[in-house]
Amino acid sequence: IRVSGELQGVILGPAEQRVRQASFLISGEGVTLPGAPHQPLDLEAVLGLHQLSSLDPQKSEGRLTLNLKQGSSWVKVDVSLRNGELAGQGEAVVRRVENLAALLGERGLKGSLNLQGKIQGPLRSPAAEFSVKAHSLNYHGFPVDVLIAKAALREKNWIFLILEARGELTDL
Numbered sequence: 043i044r045v046s047g048e049l050q051g052v053i054l055g056p057a058e059q060r061v062r063q064a065s066f067l068i069s070g071e072g073v074t075l076p077g078a079p080h081q082p083l084d085l086e087a088v089l090g091l092h093q094l095s096s097l098d099p100q101k102s103e104g105r106l107t108l109n110l111k112q113g114s115s116w117v118k119v120d121v122s123l124r125n126g127e128l129a130g131q132g133e134a135v136v137r138r139v140e141n142l143a144a145l146l147g148e149r150g151l152k153g154s155l156n157l158q159g160k161i162q163g164p165l166r167s168p169a170a171e172f173s174v175k176a177h178s179l180n181y182h183g184f185p186v187d188v189l190i191a192k193a194a195l196r197e198k199n200w201i202f203l204i205l206e207a208r209g210e211l212t213d214l
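43 is the number of the first residue of the sequence shown in my numbering; add one for each residue after it.
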């Protein structure tokens, strides 16, 4: 894993925390994680901050990008902050959810997932929309052929717009 960073500006004390620009990069190829030694991944995370003033998010600007790739699965996130407003989107395709489940200590989940999300609005109360589409899921022998879920976050409340699951139980 490679890590690099840069900081420009003045940090004198609590009253003088003006940072003009900061950027950090984490990247790696073929990185292995505990619990998944045979499933290396490529990663790149970039955090760039501009015009930090007393570290007040209402006056700060920044951007976070994240790219992960493991075989044919991947995650991409791009979120920015400007004048207290968030805007961003993310997308993920997990071809073998059992690899992700194993990292979390769950051994009985199989299938694939597609996830998408968008976020926008004030930092303290952004609006967001998320969707999940799962295929050929199996949880400890309980099959779900297709799962579709869409949800929205509005004024700190979750609203489920669509929830659909289809599967066939043959043995009970």
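From the three backbone atoms N, C-alpha and C, an ideal C-beta is built for every residue, glycine too. Because the structure is a prediction, the values reported are computed rather than measured.
Can you grab the Cα-Cα spacing for the pair residue i / residue j, in whole Å?
i: Gly72; j: Glu206; result: 37 Å
i: Val186; j: Ala176; result: 8 Å
i: Asn109; j: Leu146; result: 20 Å
i: Leu123; j: Ala170; result: 15 Å
i: His182; j: Glu140; result: 12 Å
i: Arg105; j: Ser65; result: 9 Å
i: Arg223; j: Ser154; result: Here the chain has residues from 43 to 214 only, and residue 223 is not among them.
i: Leu203; j: Glu197; result: 16 Å
i: Ser96; j: Leu189; result: Its pLDDT being 49, under 50, Ser96 is placed unreliably in this model, and the coordinates cannot settle the point.
i: Ile201; j: Ala193; result: 6 Å
i: Val136; j: Trp116; result: 7 Å
i: Gln112; j: Lys152; result: 16 Å
i: Gly90; j: Phe184; result: 44 Å
i: Glu103; j: Asn180; result: 43 Å
i: Asp83; j: Gly70; result: Checking the sequence, you will find Leu at residue 83 rather than Asp. If you take the alpha carbons of Leu83 and Gly70, they lie about 8 Å apart.
i: Leu142; j: Glu148; result: 9 Å
i: Glu127; j: Asn199; result: 18 Å
i: Pro168; j: Asp120; result: 15 Å
i: Ala144; j: Asn125; result: 40 Å
i: Val174; j: Ser46; result: 34 Å
i: Phe7; j: Thr107; result: In the structure as shown, the chain starts at 43 and stops at 214, and residue 7 therefore has no counterpart that could be examined.
What residues match up with residue i in a beta bridge as DSSP calls it?
i: Asp84; result: Lys111
i: Leu195; result: Ala170, Trp200
i: Glu206; result: Ile190
i: Gly70; result: Leu85
i: His182; result: BP columns for His182 are empty, so no partner.
Is residue i buried or exposed, if buried means 16 or more other CB atoms sit within 10 Å of its CB?
i: Gly150; result: exposed
i: Gly209; result: exposed
i: Ser114; result: exposed
i: Leu165; result: exposed
Would you say the beta carbon of residue i is closer than 6 Å to some non-hydrogen atom of the ligand GDP?
i: Arg149; result: Of ligands this structure carries none, so the ligand GDP is not represented either.
- [ ] Would you mind listing the beta strand (DSSP E) stretches within the region 98-167 that are 3+ residues and don't spill past its ends, in chain order?
- [x] 103-112, 115-124, 127-136, 151-164
Open item on the list: Tell me whether the region 148-165 and the region 118-133 touch, counting them as touching only if at least three CB pairs, one residue from each stretch, are closer than 8 Å.
Closed with: yes
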